[in-house]
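Only one structure is covered here, and it is reproduced in the block below.
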Amino acid sequence: MTTFMRRRRILQVAAGLPAAVALRAQNPYAAATSGKPDELPKLEAIPPDGVADSKPKFCSGLQLAALRRLADLIVPKLGETPGAADAQAAEFLDFLLSESPADRQSLYRNGLDALNAKGFLKADAAGAAAMLAPLGKPWTYKAPAEPLAAFLRTAKADILTATVNSKEWIQVVSQRNRNAAGTSLYWTEIA
Amino acid sequence: MPSQVHDVVIIGSGASGAMTAYQLTKKGINCLLLEAGPNFDYSKDRQLRAVYDLPYRGFGKPGRFPHVTQANEFTAALWADEKQNPYTFDPKDPYYWVRIRRMGGKTLVWGRASWRLSNYEFKAKDHDGFGDNWPVSYADLAPYYDQCEPLLRVSGRIEKLPQLPDGVFLEDKSGDSASIARFISAAKQKGIPTTKQRRAQGTLASSANLLLPDALATGKLTILPNAIAREVTVDKATGKANGISFVDRRSKREFHVKARVVVLGASCLESTRLLLNSKLASSSGALGHYLFDQFYVKNTVQAIVPEARNGKAPGGLMGGTGYIPRFTNLDKKDTDYLRGYAVDFSSGGTPDPKYFPYYGEDLQKALAAHTNTGFNATTMGSVLPRFENHVSIDPVVKDAWGIPSLRISARYTANEFKMATDAMNTLSELCHTAGFEMLAQHDQMVPPGESIHELGTCRMGDNPKTSVLNKWNQTHDVKNVFVVDGSAFVTGGSQNPTLTITALAMRAADYMAEEMRKGNL
Ligand SMILES: Cc1cc2nc3c(=O)[nH]c(=O)nc-3n(C[C@H](O)[C@H](O)[C@H](O)COP(=O)(O)OP(=O)(O)OC[C@H]3O[C@@H](n4cnc5c(N)ncnc54)[C@H](O)[C@@H]3O)c2cc1C
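Line by line, the protein sequences give chains A and B. In this text, residue positions in the first sequence follow the working numbering: the first is 139, and each later residue adds one. In this text, residue positions in the second sequence follow the working numbering: the first is 11, and each later residue adds one.
See the structure below:
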């Protein structure tokens with residue numbers, strides 16, 4: 139008897155099931171599994187983000203720490219609504235960057251290094267806000283010429299997307315708004 | 011059996027190839043249609059998935075589609091793979107070539123906007139002296155537009171605008187939201203016309219659900235998927251085409267089919283690539299030249315309807331869409347550029363977070379306050395067809411099946427840049443008059459190609475010395491080769507081209523059927 143079957147038995151007893159059901163449960167075939175011999179049901183499963191830590195691939199320890207702080211400032215946890223930290227947005231972006239084209243990689247590397255050079259990790263709230271001041275400028279079609287400003291603009295968009303596309307965010311926000319945000323038709327790769 | 015000579019072999023199952031198949035089979039002509047992509051089975055090809063369940067959280071694999079901004083992780087498998095299907099350009103002048111290689115072609119996901127061209131396009135040279143007229147006039151094409159609109163189920167509103175001929179529409183009787191009405195009234199004050207969208211109805215209005223099933227039902231159509239046409243083959247004795255050589259997409263096995271008539275509907279640049287690789291229809295020197303499209307300035311203006319802030323929009327204020335047809339340089343020259351632009355505008359939705367100069371809690375508050383407050387407009391401008399903008403066969407690069415790739419040279423010029431700036435200024439003024447608050451405006455066009463309306467490179471004309479096709483989409487050089495897609499266009503205007511592509515394909519098919527009946531083909 140597997141642990142699963144044993145647990146099932148225990149549950150049935152505990153639930154005080156009617157005698158007939160308990161009897162049927164004694165038939166080892168009837169009790170063995172609810173699975174059908176000729177059907178493959180879709181098993182509920184999860185992506186890794188919620189249960190495992192990803193190994194940093196792109197950022198140095200200091201860069202990742204800066205990206206985490208930046209992500210937390212861009213999308214903080216607000217009440218019930220998860221933030222970038224809950225969504226592990228920084229960890230996800232580290233992975234995405236490891237596969238990204240070189241210009242994207244250097245935008246992030248230089249941007250995070252520039253923040254660290256200004257003491258971003260140790261800065262208090264006001265100090266950090268001063269470093270993010272370029273995000274307070276009105277949007278223009280062309281990216282800002284100043285490298286840190288250009289990095290912050292890209293990072294803001296990426297951190298937002300990485301957060302609102304996370305399971306943590308979607309489960310809370312879609313449920314609250316009773317919609318299917320984050321679900322879409324996926325095209326299977328051509329064989 | 012394999013040595014059978016088919017009446018007509020058609021390349022491509024998109025708007026143009028499928029319309030040709032539809033019309034020819036209706037007239038009892040046997041057609042074999044070769045489609046480079048796979049057949050589809052919607053139950054297997056598409057499934058609902060959560061974005062967090064995708065390996066790249068919706069961002070998509072970085073670098074997979076550097077030139078398809080429309081691709082995302084959900085739709086990645088839909089677009090033609092750029093590594094398998096490479097093309098080249100001068101890095102200074104990037105070209106964004108957007109392709110779909112599946113049964114149905116790009117009509118699987120097209121936006122379905124369906125406008126007629128007018129004699130302002132067909133006879134553009136008569137109006138402003140630039141370029142050339144088409145060898146057909148609006149009157150030649152009108153009976154075909156009349157048949158295509160009901161096939162695609164186009165809805166629209168009768169307006170009697172000379173630059174945007176009315177059609178056989180499912181009448182759009184919908185009203186306008188108050189914000190749209192304000193914008194329309196601002197436009198009217200400046201003498202700028204507006205109308206409802208004209209759009210094929212249904213979530214899917216593809217050749218694969220509207221045209222190919224009826225063509226198959228005639229018993230006259232055979233469809234061969236996974237067949238990538240390599241070359242049109244020619245009988246040396248007669249100089250006429252005698253078939254198509256193609257390669258199986260999956261096995262790379264090589265085949266040949268014989269045909270009395272060859273029809274290319276592989277999409278604008280793919281048909282031209284086929285002709286260039288076949289060294290056919292090039293005597294005029296125009297093959298590959300006069301590439302153009304519509305330029306797009308996406309979200310030229312992004313505004314806010316202030317009364318809708320903080321969820322306070324009264325019922326009926328927000329929502330809805332509309333269209334500004336070209337209104338410049340119609341009866342007289344009234345700008346410092348030639349021709350003109352059209353605009354898609356829409357009300358509703360929350361503006362993108364990038365427009366708000368905040369982050370953190372302030373940003374979330376701003377987004378909440380601006381839920382369903384947005385108004386935006388996108389410019390679609392006509393691009394002058396110029397000989398210099400052209401495609402040729404790249405001397406080195408080949409696709410995954412060993413077929414030589416295209417090299418594309420295209421850039422926009424002062425006429426387009428001036429028009430884009432004028433559109434931005436005009437739209438910004440209209441938003442102010444309508445009482446909207448501007449969040450952002452710009453006049454930066456997307457790179458050539460990105461509008462997915464590539465046109466020209468096999469242009470029509472009466473003169474075989476300056477054009478590739480005659481007025482029946484038939485190559486001047488080889489009588490039994492037809493090209494029925496957007497490559498035939500001489501000018502394009504600011505209207506989305508597909509309705510005109512289908513009308514031309516249907517007309518070409520009628521001509522082919524008649525010539526075959528007379529024994530001329
Ligand atoms: C997202 C999107 C939105 C759009 N919105 C609009 C709109 O609102 N209004 C509008 O007018 N147009 C719109 N378009 C453009 C419209 O889809 C095209 O104009 C239209 O599909 C062109 O038809 P076609 O037959 O020329 O090419 P396609 O539809 O691309 O079909 C060509 C077919 O030929 C096949 N093929 C290519 N090469 C070969 C070969 N060597 N051998 C065999 N087969 C080959 C391809 O696999 C493809 O299936 C849109 C396109 C997209 C992608």
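Glycine included, each C-beta is placed from N, C-alpha and C at the ideal position.
- Within the region 226 to 297 of chain B, the complete alpha helix (DSSP H) segments at least 4 residues long are 278 to 288, listed from N- to C-terminus.
- As summarised for the region 238 to 274 of chain A, the continuous alpha helix (DSSP H) elements at least 4 residues long and confined to that stretch are 240 to 255 and 263 to 269, given in chain order.
- At the C-beta level, MET328(B) and VAL307(B) stay beyond 8 Å of one another.
- Closest in C-alpha terms to GLY445(B), from the list LYS489(B), PHE193(B) and LYS198(B), comes PHE193(B).
- At a cut-off of 8 Å between C-beta atoms, GLY274(A) counts as an interface residue with respect to chain B.
- For GLN80(B), the shortest C-beta to heavy atom distance toward ligand 1 is below 7 Å.
- Taking ALA81(B) as reference, the option from LEU42(B), PRO101(B) and LYS116(B) with the minimal CA-CA separation is LYS116(B).
- For ASN386(B), same chain residues with a beta-carbon under 6 Å away, outside a window of 5 residues either side, are ASN309 and GLN312 in chain order.
- The Cβ-Cβ distance between LYS475(B) and PRO145(B) does not fall below 8 Å.
- Around the CB of ASN530(B), fewer than 16 other CB atoms lie within 10 Å, so the residue is classed as exposed.
- Taken in chain order, the whole alpha helix (DSSP H) runs of length 4 or more contained in the region 20 to 63 of chain B are 25 to 36 and 52 to 55.
- Sequence-distant partners of HIS486(B) (beyond 5 residues in either direction) whose C-beta falls short of 8 Å from its own C-beta, in its chain, are ALA291, SER293, SER294, PRO474, SER477, VAL478, LEU479 and ASN480.
- ALA28(B) is the residue among LYS135(B), ALA28(B) and LEU162(B) whose C-alpha sits nearest the C-alpha of MET113(B).
- Taking one beta carbon from each stretch, the region 425 to 443 of chain B and the region 117 to 136 of chain B have fewer than 3 pairs nearer than 8 Å; the two do not touch.
- Within the same chain, and ignoring the five residues on either side of TYR521(B) in sequence, the residues whose Cβ sits closer than 7 Å to its Cβ are TRP482.
- Close partners of PRO48(B) in chain A (Cβ separation under 7 Å): ILE328.
- Each residue's CA atom was taken as its position, placing ASN129(B) and PHE302(B) some 18 Å apart.
- ILE20(B) is the residue among ILE20(B), VAL15(B), LYS170(B) and GLN14(B) whose C-alpha sits nearest the C-alpha of ALA515(B).
- ILE403(B) is bridged by DSSP to LEU416(B).
- Distance from the CA of GLU317(B) to the CA of SER392(B), rounded to the nearest whole angstrom, comes to 35 Å.
- At a cut-off of 8 Å, the C-beta of THR501(B) has no neighbouring C-beta in chain A.
- Inter-residue distance for ALA296(B) and PRO507(B) is about 21 Å (C-alpha atoms, whole angstroms).
- Ranked by how close their Cα comes to the Cα of VAL189(A), the residues ALA283(A), ALA225(A) and ILE328(A) have ALA225(A) in first place.
- Judged by their CB atoms, ALA87(B) and TRP325(A) are nearer to each other than the 8 Å cut-off.
- Here the C-alpha atom of ALA46(B) lies approximately 30 Å from the C-alpha atom of VAL61(B).
- Between ASN252(B) and VAL494(B), the alpha-carbon positions lie close to 18 Å from each other.
- By the neighbour-count definition (other C-beta atoms within 10 Å, threshold 16), GLN484(B) is a buried residue.
- Look at HIS463(B): its beta carbon is less than 7 Å from one of the heavy atoms in ligand 1.
- Distance from ARG163(B) to GLN199(B) at the Cβ level is roughly 34 Å; contact not present, criterion being Cβ atoms closer than 8 Å.
- Restricting attention to beta strand (DSSP E) runs no shorter than 3 residues, the region 441 to 517 of chain B encloses them at 447 to 451 and 491 to 493, ordered along the chain.
- Counting only Cβ-Cβ distances below 7 Å, ALA300(A) has contacts in chain B at ARG67, in chain order.
- Think of a sphere of 7 Å around the beta carbon of PHE230(A): the chain B residues whose beta carbon falls inside it are ARG67, in chain order.
- In this model, GLU181(B) and GLU159(B) are separated by some 12 Å (Cα to Cα).
- Contact between the region 292 to 309 of chain A and the region 205 to 215 of chain A is present: 3 or more CB-CB pairs across the two stretches fall below 8 Å.
- Chain-order list of chain B residues neighbouring ALA295(A): PRO363 and LYS364, by C-beta distance under 8 Å.
- The beta carbon of ARG59(B) sits closer than 8 Å to some beta carbon of chain A.
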